[in-house]
Every structure is written in C-alpha cells, then in structure tokens.
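Q:
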Amino acid sequence: MTTLLVSLDLDPDRADEVVQLLRGEMAPWMKQQPGFVSSQWFLAEDRRHCTITVEFDTEQHAAAVGRATLALPSNPARSWNVGRVDTVADLDFAPRPGLRLE
47 MTTLLVSLDL DPDRADEVVQ LLRGEMAPWM KQQPGFVSSQ WFLAEDRRHC
97 TITVEFDTEQ HAAAVGRATL ALPSNPARSW NVGRVDTVAD LDFAPRPGLR
147 LE
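Sequence positions in the sequence shown follow this note's numbering and run 47 to 148.
Quick look at the structure:
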C-alpha cells in the first residue's frame, strides 16, 4: 500500500462552504479513484488547513491521483487550494536500532 498526503489551504471565512465541498464532492471523487483503500480527513482548528491521508493499493494509483491533484490550478477566488501533495512512508515507530526520537 502507498499513502498520499494532501495538504489544502483553506479560506477560514468560508469554512462551512469548504466542509460541504470536501464532504460532497472531493471525498466522493477520491473514493472513486482506482486503487482507493481508505482515507482520513483532518481540519485544523483554525480552519486554515485540511490534511488528507489516502491509502492506495499501489504506488502507481497513488501517483496518478497525486498528479491529478497537483494539476488543479490555484484560484484565489476559490475557498480552497492545493498546498502540497506527497507520497509518504509509515515510519512505524516501534523501537528499532538507529532511530532516536526525542
């Protein structure tokens, strides 16, 4: 499995509109993508950012959705814009040699 991490920049003054859009359009679109396994959506308390983690069955499926997401043009009039898209690895923080967390 491969995880895609999507960061959205939001207009906090239009938070209700943004949440409705995320639930009504973006989440259903994501679920329809090939290889979709699961997703989690996190809205910052200040409503300026939304972080989405999306699991895909293959790296190729994640990469295709990542490219499609990054291809969305920024629009200052829109209530949200894509800030960043990354493919991420689970570090699995079980103790292991050489990994030090403070």
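In this text, a Cβ means the ideal position worked out from N, Cα and C, and glycines have one as well.
1. Buried or exposed: where does residue 75 fall if 16 or more other Cβ atoms within 10 Å of its Cβ makes it buried?
2. Counting C-beta neighbours from all protein chains within 10 Å, is the total for residue 88 16 or more, i.e. buried, or is it exposed?
3. Are residue 53 and residue 107 closer than 9 Å when you measure CB to CB?
4. Residue 105 lies in the alpha helix (DSSP H); which residues open and close that run?
5. My guess is that residue 104 and residue 51 are in contact by the Cβ rule of under 8 Å, so how many angstroms apart are they, rounded?
A: Judging by the given coordinates:
1. On the sequence shown, position 29 is the one that residue 75 refers to. Exposed, because fewer than 16 other Cβ atoms sit within 10 Å of the Cβ of residue 75.
2. For the purposes of this step, residue 88 is taken as the residue at position 42 of the sequence shown. It is exposed - the Cβ of residue 88 has fewer than 16 other Cβ atoms within 10 Å.
3. Within the sequence shown, residue 53 is the residue found at index 7, counting from 1. Within the sequence shown, residue 107 is the residue found at index 61, counting from 1. Not in contact: residue 53 and residue 107 (Cβ atoms no closer than 9 Å).
4. For the purposes of this step, residue 105 is identified with residue 59 of the sequence shown, where counting begins at 1. Where residue 105 is concerned, the enclosing alpha helix (DSSP H) stretches over 105-116.
5. One-based indexing of the sequence shown puts residue 104 at position 58. One-based indexing of the sequence shown puts residue 51 at position 5. Rounded, the Cβ-Cβ distance is 17 Å, inconsistent with contact.
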